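Just so we're aligned: 939 in this note's numbering is position 50 of the sequence shown, and the numbers increase by one with no gaps anywhere. The C-beta atom is built at its ideal place from N, Cα and C for all residues, glycine as well. All figures in this text were calculated on a predicted structure; none of them were measured in a lab.
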Amino acid sequence: MRRWWVLGLLCLTACSSGQDADVAEDSSLMRTFFAAMFDEMRGPPTTAALSEFARFSQAGVHFNYPKPLRLSVDHEHYTTWALERGDFELELHAPDDEIHAEGYLDSLVGILADKSQSIEGPLPGRSVRWCGQEITGSLYRFEFLGDPRFYEGFELPPGNVGPRFLIFDDITRNGAWTETAIATFAAVDASIKCDGSKPPIPASAD
């Protein structure tokens, strides 16, 4: 039985490590669980690995990201793309209603944060010029399941259908972002572009 578990895990790792750039796997709890297990076994990516990039292009948002990150998509409530490795995750949200980065984070923190520990936020995050706009992130610091976390959201210019925002989520090391998080932010910052290419819902034929 143990052999089959090991073979299954190795298969999952091989599939995720060989994933084509910008091809999103459907998100699932099982896939997330096994991927996180393998990330823990392999340890964090090397600096050299983090310097090799793939290209993300969804919902009219385009940027480079380090190749070790896995791309998945979730359609449960609205479309969300996630790039993950270890304890770090970057999400692009493209809701079809008026949900925005700060409101999303405020609700998330209300659910996840350990109320017995200090919760910091919303705080001014990093300031960037993305997609032709000056944007300041909305940052929260709190503990979840005993781990110190940073959540930072950036509101992007809206697409054809509705809002778009990026969420950076990391379990911090010594009170700072991890190397994976820093490398991902730098790649996004240097390459992000936005357009209105999220297609409108087609009119029904008469």
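How is the alpha helix (DSSP H) around V962 delimited, first residue to last? First-last for V962: 959-963, but that is the beta strand (DSSP E), not the alpha helix (DSSP H).
Cβ neighbours of D1084 in the same chain (closer than 6 Å, five flanking residues each side left out): Only G949 meet the Cβ criterion.
At what residues does the beta strand (DSSP E) containing D1059 begin and finish? 1053-1060
Nearest-angstrom beta carbon gap, A990 and F1074 [assumed within contact, 8 Å]: With a Cβ gap of about 15 Å, F1074 and A990 do not count as contacting.
Looking at I1008: is its Cβ nearer than 8 Å to the Cβ of V998? yes
Are the stretch 1033-1043 and the stretch 1051-1065 touching, with three or more C-beta to C-beta distances below 8 Å? yes
Determine the closest residue to L960 out of W1019, G1010, D985, L981, with distance taken between C-alpha atoms. Out of W1019, G1010, D985, L981, L981 has the C-alpha closest to the C-alpha of L960.
What does L972 pair with, by DSSP beta-bridge criteria? L960, L979
Which residues does DSSP pair with F1039 in a beta bridge? When beta bridges are read from the DSSP output, F1039 appears opposite R1030, D1059.
For Y967, tell me which candidate among A983, N953, F952 has the shortest Cα-Cα distance. A983
On the criterion of 16 or more Cβ atoms from any shown chain inside 10 Å, does N1063 qualify as buried, or is it exposed? exposed
Given that a residue counts as buried once 16 or more other Cβ atoms are within 10 Å of its Cβ, and exposed if not, what is L994? buried
Among F1031, A938, E965, whose alpha-carbon lies nearest the alpha-carbon of I1000? F1031
Determine the DSSP secondary structure at T1025, reduced to helix, strand or coil. strand
Judging by CA-CA distance, which residue of D963, D985, G1026 is the nearest neighbour of G1051? D985
Going by beta carbon distance, what residues of the same chain come within less than 6 Å of H951, once the five residues before and after it are set aside? Same-chain partners within the cutoff: K1082.
Using a threshold of 8 Å, state whether the C-beta atoms of P957 and L979 are closer than that. no
What does DSSP give as the partner residue(s) for F942 in the beta ladder? DSSP, once it has assigned bridges, lists P955 as partnering F942.
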